[in-house]
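Numbering (the working numbering), first residue to last: 2 to 125. Everything on this sheet refers to the single structure shown next.
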């Protein structure tokens with residue numbers, strides 16, 4: 002049975018890890034999604050995936066809208082965790098961004114872009 006949880010241990014929270022991710026990570030784009038990835042770096046003391054999500058205040062002034070998109074992004078990861086791990090690896094630190102001023106219509110649209118982003122990495 003698949004593990005559909007998003008436990009605290011998988012959440013990217015530490016300032017040091019986020020700083021290292023932005024300094025040494027690689028950027029990938031797909032539609033309205035953008036991800037920065039850092040795979041198996043020696044300075045990261047993690048043995049599992051760590052993921053953070055972010056939505057710019059520049060595009061969405063109201064916190065209600067930003068929080069809605071962040072929930073959708075976390076849900077995409079939670080449901081497609083195995084695909085993410087297969088494409089990016091087990092010891093990966095990543096941060097997911099929504100880079101469009103348009104509010105997503107449905108969850109399925111966001112999920113399709115997330116899957117496309119993961120599969121584009123698999124081919125590369």
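Every residue gets a Cβ at the ideal spot worked out from N, C-alpha and C, and that includes glycine.
- Here residue 80 has 5, 112 as same chain residues with Cβ atoms under 8 Å from its own Cβ, once five neighbours each way along the sequence are excluded.
- If you keep only unbroken beta strand (DSSP E) runs of at least 3 residues inside the stretch 50-116, you get 51-56, 93-99.
- Leaving aside the five residues that flank residue 118 on each side, the residues in its chain whose CB is nearer than 7 Å to its CB run, in chain order, 29, 31, 34, 36.
- Straight across, the Cα-Cα distance linking residue 19 with residue 13 is about 7 Å.
- Counting the other Cβ atoms within 10 Å of the Cβ of residue 15 gives fewer than 16, which makes it exposed.
- Assignment of residue 16 by DSSP, reduced to helix, strand and coil, places it in the helix class.
- With fewer than 16 other Cβ atoms inside 10 Å of its own Cβ, residue 65 counts as exposed.
- For the 9 Å CB-CB criterion, residue 122 and residue 98 do not form a contact.
- In the three-state reduction of the DSSP assignment, residue 9 falls in the helix class, which pools H, G and I.
- Take residue 55, set aside five residues on each side of it, and the residues of its chain with a beta-carbon closer than 7 Å to its own are 96, 98, in chain order.
- Bounds of the beta strand (DSSP E) holding residue 31 are 27-31.
- The three-state secondary structure of residue 118, taken from DSSP, is helix.
- In the DSSP annotation of this structure, the continuous segment of the beta strand (DSSP E) that includes residue 34 starts and ends at 34-40.
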